[in-house]
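Protein chains in written order, with our numbering: chain A, 624 to 824; chain B, 624 to 824.
Beneath this line is the structure, given in structure tokens, with notes to follow.
Protein chains: 2
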Amino acid sequence: MPRQIEFYFDFISPYGWFAAEQIGDFARRFDREVSWRPILLGITVLKAMGLPPLMSTPLKKDYIAADVARCARYWGLRLSPPTGVQLSPLAAARIILWVSSERPDCTEQLTLALYRRYWADGVDISTPDAVADVACALGFSRADILSVLANPQIKDRLAKSVDQAIGRGIFGSPFFIVDGEAFWGTDRLPMMAEWLVRGGW
Amino acid sequence: MPRQIEFYFDFISPYGWFAAEQIGDFARRFDREVSWRPILLGITVLKAMGLPPLMSTPLKKDYIAADVARCARYWGLRLSPPTGVQLSPLAAARIILWVSSERPDCTEQLTLALYRRYWADGVDISTPDAVADVACALGFSRADILSVLANPQIKDRLAKSVDQAIGRGIFGSPFFIVDGEAFWGTDRLPMMAEWLVRGGW
Numbered sequence: 624m625p626r627q628i629e630f631y632f633d634f635i636s637p638y639g640w641f642a643a644e645q646i647g648d649f650a651r652r653f654d655r656e657v658s659w660r661p662i663l664l665g666i667t668v669l670k671a672m673g674l675p676p677l678m679s680t681p682l683k684k685d686y687i688a689a690d691v692a693r694c695a696r697y698w699g700l701r702l703s704p705p706t707g708v709q710l711s712p713l714a715a716a717r718i719i720l721w722v723s724s725e726r727p728d729c730t731e732q733l734t735l736a737l738y739r740r741y742w743a744d745g746v747d748i749s750t751p752d753a754v755a756d757v758a759c760a761l762g763f764s765r766a767d768i769l770s771v772l773a774n775p776q777i778k779d780r781l782a783k784s785v786d787q788a789i790g791r792g793i794f795g796s797p798f799f800i801v802d803g804e805a806f807w808g809t810d811r812l813p814m815m816a817e818w819l820v821r822g823g824w
Numbered sequence: 624m625p626r627q628i629e630f631y632f633d634f635i636s637p638y639g640w641f642a643a644e645q646i647g648d649f650a651r652r653f654d655r656e657v658s659w660r661p662i663l664l665g666i667t668v669l670k671a672m673g674l675p676p677l678m679s680t681p682l683k684k685d686y687i688a689a690d691v692a693r694c695a696r697y698w699g700l701r702l703s704p705p706t707g708v709q710l711s712p713l714a715a716a717r718i719i720l721w722v723s724s725e726r727p728d729c730t731e732q733l734t735l736a737l738y739r740r741y742w743a744d745g746v747d748i749s750t751p752d753a754v755a756d757v758a759c760a761l762g763f764s765r766a767d768i769l770s771v772l773a774n775p776q777i778k779d780r781l782a783k784s785v786d787q788a789i790g791r792g793i794f795g796s797p798f799f800i801v802d803g804e805a806f807w808g809t810d811r812l813p814m815m816a817e818w819l820v821r822g823g824w
């Protein structure tokens with residue numbers, strides 16, 4: 624089994640999307656397997672850090688808004704999220720947690736489809752129905768998806784998974800761990816590549 | 624006169640140091656001139672943002688400590704700041720503000736000497752005497768330096784300069800503005816280079 628690149632991301636995070644678009648090819652280049660790990664920044668992680676949401680932080684929020692648009696253009700991605708929507712990433716995160724254990728070969732495709740639906744197509748993905756729409760287009764059964772999303776065990780698994788991530792020091796999206804080494808941010812992918820080539824320094 | 628790269632940095636910021644070590648050559652490569660602009664993150668900017676100091680932020684502080692060490696090794700810089708010192712960057716920032724207008728050709732050299740004194744040699748540079756030691760080694764007169772650092776107009780100029788930076792949306796170290804475009808972080812230098820080559824995108 625190939626060694627892993629742990630990839631932590633939140634659907635509310637456009638930088639998480641930019642990384643999701645790249646990490647599959649990145650991992651294949653190094654004969655690695657991506658472990659897709661949804662987290663909940665706004666709901667859980669920032670509380671643990673005592674920080675306000677990024678887009679409520681004076682000065683930084685204006686830079687981030689401009690930078691996200693610039694990065695999207697740089698990577699050739701259409702950026703057109705719905706306006707006036709406060710995305711809840713819970714349903715999307717839960718389904719990715721489930722699919723990563725039940726249908727792991729579909730995880731990359733479904734993660735990208737959910738990210739693109741929201742950030743490129745401008746469709747809210749907050750509800751189980753909206754998540755099921757995306758999954759059905761990839762061949763999943765709507766009944767299966769809705770049943771998973773109604774399952775309290777899945778809700779519990781996500782909460783525990785996010786707590787574990789916090790316990791391991793994960794605090795951002797995207798966040799990568801490879802061979803025990805942590806990298807935060809899409810713009811650290813080149814350094815992570817060099818780390819893998821050189822085996823650290 | 625070559626066009627400028629505005630370079631904002633705080634002496635308390637090791638990432639500011641890493642950028643300072645690179646920005647001179649970076650600018651020369653693009654026939655640009657660096658405008659060296661000391662700011663005061665801890666004292667002023669974070670208050671404007673309502674944020675705690677980086678190294679008091681749970682989760683992030685552990686990552687940053689490891690990342691700073693990793694970046695120093697990556698760039699071949701000895702990282703050995705004094706232990707148990709709470710650096711005040713005021714004197715260093717004031718002298719750089721002064722030298723950048725009075726002896727601009729010395730600004731890069733003095734900025735690097737101050738950064739290295741603290742971050743590589745492990746000597747506190749909080750006091751006017753400590754800053755004068757560094758400047759004297761580069762040929763400045765101790766009396767001139769101490770006189771500048773006792774001058775209330777210089778203190779006032781720095782305060783105004785930092786306020787102006789905040790007014791322009793600068794919130795981190797390093798922070799760059801080139802042709803009106805803002806870039807935050809040492810790891811954005813490659814993107815900034817591409818921006819200059821392509822004239823934006």
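Every residue gets a Cβ at the ideal spot worked out from N, C-alpha and C, and that includes glycine.
inquiry  = Is there a C-beta anywhere in chain A that falls below 8 Å from the one on B/Ala-805?
reply    = yes
task = Starting from the Cα of B/Phe-630, find the closest Cα among B/Ala-642, B/Pro-637, B/Ser-636 and give me that residue.
result = Checked all of B/Ala-642, B/Pro-637, B/Ser-636; the closest Cα to B/Phe-630 is B/Ala-642.
Within-8 Å CB hit, B/Thr-667 to chain A = no
request  = Look up B/Ser-658 in the DSSP assignment and say whether it is helix, strand or coil.
outcome  = B/Ser-658 falls in the strand class under three-state DSSP.
request  = With a 10 Å radius around its C-beta and 16 neighbouring C-beta atoms as the bar for buried, classify B/Lys-783 as buried or exposed.
outcome  = exposed
key: Sequence-distant residues of the same chain with beta carbon closer than 7 Å to A/Ala-758, five excluded per side   = So the qualifying residues of the chain are Ile-718, Leu-733, Ile-768.
request  = Scan the region 655-679 of chain B for residues whose Cβ lies nearer than 8 Å to a Cβ of chain A and list them as they occur along the chain.
outcome  = Val-668, Ala-671, Met-672, Gly-673, Leu-674, Pro-675
task = Quickly, what does DSSP pair A/Val-708 with across the bridge? List them, please.
result = A/Val-708 pairs with nothing; no bridge assigned.
query = Using a beta-carbon distance below 8 Å, is B/Trp-640 in contact with chain A?
reply = no
query = Does the beta-carbon of A/Glu-731 have 16 or more other beta-carbons within 10 angstroms, so that it is buried, or is it exposed?
reply = buried
key: Inter-residue CB distance, B/Ala-715 and B/Ile-748 (contact presumed, cutoff 8 Å)   = 5 Å
ask   = Is B/Leu-720 closer than 8 Å to B/Ile-800 when the C-beta atoms are compared?
value = no
task = Please check if any C-beta of chain A sits within less than 8 Å of the C-beta of B/Leu-819.
result = no
ask   = Relative to chain C, which residues along the region 781-792 of chain B have a C-beta separation below 9 Å, given in chain order?
value = Chain labels in this structure do not include chain C; the protein chains are A and B.
request  = Can you have a look at B/Ser-770 and say buried or exposed, based on whether 16 or more other CB atoms are within 10 angstroms of its CB?
outcome  = exposed
message = Using the Cβ count rule (16 or more neighbours within 10 Å means buried), how would you classify B/Val-708?
response = exposed
key: Residues near B/Ile-687 in its chain [Cβ-Cβ closer than 8 Å; skip 5 each side]   = Leu-677, Met-678
query = Counting Cβ pairs, one atom from each stretch, are 3 or more of them under 8 Å apart for the region 806-822 of chain B and the region 736-755 of chain B?
reply = no
message = Please identify the residue among B/Gln-645, B/Trp-742, B/Ala-695 whose C-alpha is closest to the C-alpha of B/Thr-706.
response = B/Trp-742
ask   = Which chain B residues are close to A/Leu-682, counting only those with a beta carbon under 8 Å from its beta carbon?
value = Val-668, Ala-671, Met-672, Ile-789, Gly-792, Ile-793, Phe-794, listed in chain order.
request  = Alpha carbon to alpha carbon, how far is B/Asp-802 from B/Gly-822? Give it in angstroms, no decimals.
outcome  = Answer to the nearest angstrom: the Cα atoms are 9 Å apart.
task = Could you check what DSSP says for A/Trp-807 in three-state terms: helix, strand or coil?
result = Correct three-state label for A/Trp-807: strand.
task = Only counting runs of 3 or more residues, tell me where the beta strand (DSSP E) segments fall wholly within the region 764-801 of chain A, in order along the chain.
result = 798-801
key: Residue closest to A/Arg-701, alpha-carbon to alpha-carbon, out of A/Thr-809, A/Tyr-738, A/Asp-685, A/Pro-675   = A/Tyr-738
ask   = Would A/Trp-824 count as contacting chain B if we go by Cβ distances under 8 Å?
value = yes
ask   = In the DSSP assignment, what residue or residues form a beta bridge with A/Gln-627?
value = A/Glu-656
request  = Output the boundary residues of the alpha helix (DSSP H) element that contains B/Pro-751.
outcome  = 751-760
inquiry  = Could you tell me the alpha carbon to alpha carbon distance between A/Ala-755 and A/Arg-765, rounded to whole angstroms?
reply    = CA-to-CA, the gap between A/Ala-755 and A/Arg-765 works out to about 6 Å.
Distance, A/Ala-760 Cα to A/Leu-772 Cα = 17 Å
ask   = DSSP puts A/Phe-632 in a beta bridge; with which residues?
value = A/Pro-661
ask   = Does A/Asp-810 have its Cβ less than 8 Å from a Cβ in chain B?
value = Contacts with chain B at 8 Å (Cβ-Cβ) include A/Asp-810.
key: Sequence-distant residues of the same chain with beta carbon closer than 6 Å to B/Gln-645, five excluded per side   = none
query = To the nearest angstrom, how far is it from the Cα of A/Asn-774 to the Cα of A/Gly-639?
reply = Rounded to whole angstroms, A/Asn-774 to A/Gly-639 spans 26 Å at the Cα level.
key: Close beta carbons around A/Leu-781, own chain, < 8 Å, minus the five adjacent residues each side   = Pro-661, Leu-663, Leu-713, Ala-716, Arg-717, Leu-720
query = Does any C-beta atom of chain A lie closer than 8 Å to the C-beta of B/Arg-717?
reply = no
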